[in-house]
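Working notes for the structure below.
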Amino acid sequence: MRGIQGRFEVTGARPALAFFGNLEPSRLGHGYSFTGPAGVGKKTFARRLAQSLLCETPKETLLGYCGTCTACKLFVAGTHPDFVASEGTLKIGKEGGSALHDEELTSRDLVRELSLHGYRSAHRVVLLGDVAFATHEAANALLKFFEEPPRGVVVLLTTDSPGSLLETIRSRFVDIAFPPLGTAEVEAILVASGVEPERARLAAEVSLGSVTRARAVLDEDELGVRDASFAWFAAAIAGNPADASFLRLDDRSLNAAEKRGLAGELIELVRVAARDWAALALGGPSVPLLAADQRERLTRLPPRDPKAIVNLLGAIGEVERLARSNVSASLVVEYLRMQLAPPAPRRST
Ligand SMILES: [Zn+2]
Numbered sequence: 001m002r003g004i005q006g007r008f009e010v011t012g013a014r015p016a017l018a019f020f021g022n023l024e025p026s027r028l029g030h031g032y033s034f035t036g037p038a039g040v041g042k043k044t045f046a047r048r049l050a051q052s053l054l055c056e057t058p059k060e061t062l063l064g065y066c067g068t069c070t071a072c073k074l075f076v077a078g079t080h081p082d083f084v085a086s087e088g089t090l091k092i093g094k095e096g097g098s099a100l101h102d103e104e105l106t107s108r109d110l111v112r113e114l115s116l117h118g119y120r121s122a123h124r125v126v127l128l129g130d131v132a133f134a135t136h137e138a139a140n141a142l143l144k145f146f147e148e149p150p151r152g153v154v155v156l157l158t159t160d161s162p163g164s165l166l167e168t169i170r171s172r173f174v175d176i177a178f179p180p181l182g183t184a185e186v187e188a189i190l191v192a193s194g195v196e197p198e199r200a201r202l203a204a205e206v207s208l209g210s211v212t213r214a215r216a217v218l219d220e221d222e223l224g225v226r227d228a229s230f231a232w233f234a235a236a237i238a239g240n241p242a243d244a245s246f247l248r249l250d251d252r253s254l255n256a257a258e259k260r261g262l263a264g265e266l267i268e269l270v271r272v273a274a275r276d277w278a279a280l281a282l283g284g285p286s287v288p289l290l291a292a293d294q295r296e297r298l299t300r301l302p303p304r305d306p307k308a309i310v311n312l313l314g315a316i317g318e319v320e321r322l323a324r325s326n327v328s329a330s331l332v333v334e335y336l337r338m339q340l341a342p343p344a345p346r347r348s349t
């Protein structure tokens, strides 16, 4: 492995480190997509990679930067002319360069940015963080780039829902998976950012390996929703009335999109619960769980055929697709409950 020359501080990201650490610099492609849950270091890695490519200190590896050359200083200051970063939705029809929204890149900007060669560097890096293409024009801007990519230009795209990207776009990128972080890694990141150690440990334990989630969990409310979601899951599995009032889907002050967001949160936690339940059914009571704090509750669930438990994961995926449509959040939650309910009143022993 060529590895790293100079600095390159990231946590986790092992597949990406192995991939770029072994890549012959001359074989660098034009598009890489970093996929994985939110808060596992995709954008951090993309920024470190960009700085590595732009750093002017000679090295034999792709990864690593000196931190002291002019290019590194410009990069850290956010003013390197060959680094463009954009997050969120790409639209067309909006004028570019608006002082009000200078962080928002329109697809017209994107076309321009992608057609330029490096100003001062052999490379030019365009980072599209958690990007969504609002229009065909926006997607086409990127597809045009791949038809004839200018030398040295690299697009790094990060997403936690690769399924929401057009297949024509996805297929142009070399996909690199970012797995969840380890509990200790999340804890260390939180502590380094000033969270007191005890709270950091608790939040890391329920973070599912995501710094984003850990930070959300540090908010009391979130902890409540999490626990209530697992309780809801247990009730639904047992065929008991499952009280979803904690989701506040009847709250008239919330709009449909916000309610869908809340339902999405529940679905995500239910997926974790089902995965852990399947792990327990297949691997026995001491298998490692994603939601280690819920082990007791999950081991007390009424037994079900392991195959049926695994099938639940597919059913939950279906609910997730439904949740992305215009169906109301309450209906989605009710449909999810039906999927989880015991298949028949009788129980074989
Ligand atoms: Zn440098």
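According to my numbering, the sequence shown holds residues 1 to 349 in order. Note that CB positions come from ideal geometry on N, CA and C, so glycine has one too. As the structure is a computational prediction, the values presented were derived from the model and not from experiment.
Item: Alpha helix (DSSP H) segment containing A122, residue limits; Value: From DSSP, A122 is part of no alpha helix (DSSP H); its letter is neither H nor E.
Item: Alpha carbon of K94 to alpha carbon of I267, nearest angstrom; Value: Caution applies to K94, whose pLDDT of 40 falls short of 50 and renders its modelled position unreliable; the value that the coordinates give is listed next. The alpha-carbon atoms of K94 and I267 are separated by roughly 34 Å.
Item: Contact check, P37 vs P180, beta carbons under 8 Å; Value: yes
Item: Option in A50, T135, L218 and P303 with minimal Cα separation from L156; Value: A50
Item: Local conformation of G314 per DSSP, three classes; Value: helix
Item: G88 and V131 closer than 8 Å at C-beta; Value: yes
Item: Cutoff 8 Å: V217 Cβ touching any chain C Cβ; Value: Among the chains in the structure shown there is no chain C, since it carries only a single protein chain.
Item: Any heavy atom of ligand 1 nearer than 7 Å to the CB - residues listed; Value: C55, E56, T57, Y65, C66, G67, T68, C69, A71 and C72
Item: Rounded Cβ spacing between V415 and V310 (contact assumed at less than 8 Å); Value: Limits of the chain in this structure are 1 at one end and 349 at the other, which puts residue 415 out of reach.
Item: H117 classed as buried or exposed, judged by whether at least 16 other C-beta atoms fall within 10 angstroms; Value: exposed
Item: A13 versus E185, F83, L282 and S328, residue with shortest Cα-Cα distance; Value: E185
Item: Cα-Cα separation between T35 and S253, rounded to whole angstroms; Value: 34 Å
Item: Sequence-distant residues of its chain with Cβ nearer than 7 Å to Y119 (five each side left out); Value: P81 and D82
Item: Simplified DSSP assignment, three categories, for R7; Value: strand
Item: Anticipated Cβ contact below 8 Å, G41 with V10, distance rounded; Value: 6 Å
Item: Segment contact flag, the region 283-296 with the region 240-251, C-beta cutoff 8 Å, min 3 pairs; Value: no
Item: Alpha helix (DSSP H) segments (min. 4 residues) lying fully within the region 118-188; Value: 136-147 and 167-170
Item: Minimum C-alpha distance to S245 - residue among G317, I237 and W232; Value: W232
Item: Identified DSSP bridge partners for S33; Value: L157 and D175
Item: Three-state secondary structure assigned by DSSP to E296; Value: helix
Item: Where the alpha helix (DSSP H) through S52 begins and ends; Value: K42 to L54
Item: Y65 - partner residues in DSSP beta bridges; Value: R7
Item: Counted within 10 angstroms of its Cβ, other Cβ atoms place K307 as buried (16 or more) or exposed; Value: exposed
Item: Beta bridge counterpart(s) of E268 as assigned by DSSP; Value: Paired residues: none, contrary to the question.
Item: R48 versus T61: straight-line alpha-carbon distance, rounded; Value: 13 Å
Item: I176 beta carbon less than 8 Å from that of L142; Value: no
Item: Rounded C-alpha distance that separates R337 from G39; Value: 28 Å
Item: Beta-carbon proximity list for L340, same chain, < 6 Å, skipping 5 on both sides; Value: A236 and I237
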